[in-house]
Every structure is written in C-alpha cells, then in structure tokens.
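Only one structure is covered here, and it is reproduced in the block below.
There are 2 protein chains.
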Amino acid sequence: MSLTQIQYFVAVAEEENVTRAARRLHVSQPPLSRQLLKLEGELGAPLFDRAAAGDKRMQLSPEGRAFLQHARRILAEVEAAAQSVKASGAPRET
Amino acid sequence: MSLTQIQYFVAVAEEENVTRAARRLHVSQPPLSRQLLKLEGELGAPLFDRAAAGDKRMQLSPEGRAFLQHARRILAEVEAAAQSVKASGAPRET
DNA sequence: GCGGTCCAATACCCTTTGGATCTGGGTGGT
DNA sequence: ACCACCCAGATCCAAAGGGTATTGGACCGC
Numbered sequence: 003m004s005l006t007q008i009q010y011f012v013a014v015a016e017e018e019n020v021t022r023a024a025r026r027l028h029v030s031q032p033p034l035s036r037q038l039l040k041l042e043g044e045l046g047a048p049l050f051d052r053a054a055a056g057d058k059r060m061q062l063s064p065e066g067r068a069f070l071q072h073a074r075r076i077l078a079e080v081e082a083a084a085q086s087v088k089a090s091g092a093p094r095e096t
Numbered sequence: 003m004s005l006t007q008i009q010y011f012v013a014v015a016e017e018e019n020v021t022r023a024a025r026r027l028h029v030s031q032p033p034l035s036r037q038l039l040k041l042e043g044e045l046g047a048p049l050f051d052r053a054a055a056g057d058k059r060m061q062l063s064p065e066g067r068a069f070l071q072h073a074r075r076i077l078a079e080v081e082a083a084a085q086s087v088k089a090s091g092a093p094r095e096t
C-alpha cells in the first residue's frame, strides 16, 4: 500500500468514475485503474462494486466505505506532518 | 513522501542508528540513508542532528521530533485501514 | 439489429525509483 | 598506530509506475 494508491482511491471514490478521477489527478486512466486493482488485491477485497449492470458509476463496496474513512485521515495526517516540520523549523516569521 | 520513507524514519528515530535500523527493516544501510536524506530534502529541513561530533547517535532534531509524532499516527492509521477492510468484509467468523 | 458512445481493463513500452554491493572519510577506543 | 564503527556517496541492476494504443462490455439512438 502506498500513499499514491490512497490518493487515487479517494479521488475515484469521490468522482465515482475512474476517467474523471484520472483527469483530476493529472494521470491517465489506465495507471489509475491498475493501482486500484492492485490496492484491492493487497487488501484482499474489492473496494468498488463494478458489477452493477445498469449503473456505470464506480460505487463503493462496504469495504470501500470503511477504507475511505481511514484513507482520508491518512492523507490529512500526512499533510499535517509536513506542516509540522515547517512550523517547528520556523516558529516565528521574523 | 512515501509510506516506506515514514517507516524508515521511525525505525531510525527509535534506534538512533541507521545501521541497526537497517537490520531491523531487512534492508541494507545505504538505501536507508538515502531515503532519509531524500525525505529531509522534501520536507525542507533535517530531521536528525548528525553534526554532534563526539556523539555518534542519530539524534532527532526539533523538526524530527515534531514529525515523529505524526509519522507514528500515519502508520497506525494505515494499519487500521487495512484491518477495517478485513473486518467489514468478514464481520463474523462463521 | 447495428453503429456510435462511454467506460474500465489489458497489452506493451519506456522512464524512474529503490535496493544491493563496494568504497571513502571521519571519529573513538585500545 | 591500528582496528572498529558508522554514515554517506558511487555504481549497477531489478522492479515499479506512468504513457499510448487497444480491447471488451454495456447502453443508446436509429
């Protein structure tokens, strides 16, 4: 599992569409598709319901919904980690 | 920034020694050293005080200490994320 | 029923990343 | 002075990750 995979997953979960998510992430669709599958493989469960015939959207599976919560927290925490370094290195602006 | 870099960093922070951390992580010392430097580069600040002449330990810098807290949370959250998928996929043992 | 559209997945190639080995420089202990 | 320890740099090679082109399945209008 990697941070990029997590970013990718969140984007797809939000867009409910791989192609749109790819545009948003400035990558092409196939790599995104692959990383998604790879992530599902590692986790041992599908994160999306692709089966839905009459519905083209990439809908989150139950596992996907559970994962999404943590995924968001991870990304936020990463952001915070980077900030904290900058903050502690330059505690004051002067 | 990647999850492996974060793992590496935590290990070194705990061991206060790159070589030992490398053994613990089952990687060799040079890659570990490089990832550390790379991480510091990305963050824009050194995470360790290597300057200390008479002291061989890799001591955390103030920025390093700040980062460590988040780093641990990130790894814990990643762990939790994986667990949550397994849990929601197989809510019961039967 | 047939072509056109939309979308994810696969095939293939190529660049980049990351790990391993070997080496060097600097410090401390005996 | 010699040896041990430790981090960083150089070099090489395998693996990962992204891009383009293409396929395959489902739906829509005609």
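Listed in order, the protein sequences are those of chains A and B. Counting in my numbering, the first sequence runs from 3 upward without gaps. Counting in my numbering, the second sequence runs from 3 upward without gaps. Backbone N, C-alpha and C define an ideal beta-carbon position, used for all residues, glycine too.
Cβ-based burial, residue 23(A) [other Cβ within 10 Å; buried from 16]: buried
Within chain B, the residues that residue 65(A) reaches when beta carbons sit closer than 7 Å: 87, 90, 91
Residue 49(B) (DSSP reduced to helix, strand or coil): coil
Beta-bridge pairing of residue 61(B) - partner residues as DSSP gives them: 51(B)
Helix, strand or coil at residue 95(B) [DSSP, three-state]: coil
is_contact[residue 12(A), chain B] using C-beta, thresh 9 Å: no
Where residue 68(A) meets chain B, residues with beta-carbon distance less than 9 Å: 83, 86, 87, 89, 90, 91
Buried or exposed (CB count within 10 angstroms, at least 16 for buried), residue 7(A): buried
As assigned by DSSP and simplified to three states, the class of residue 28(A): coil
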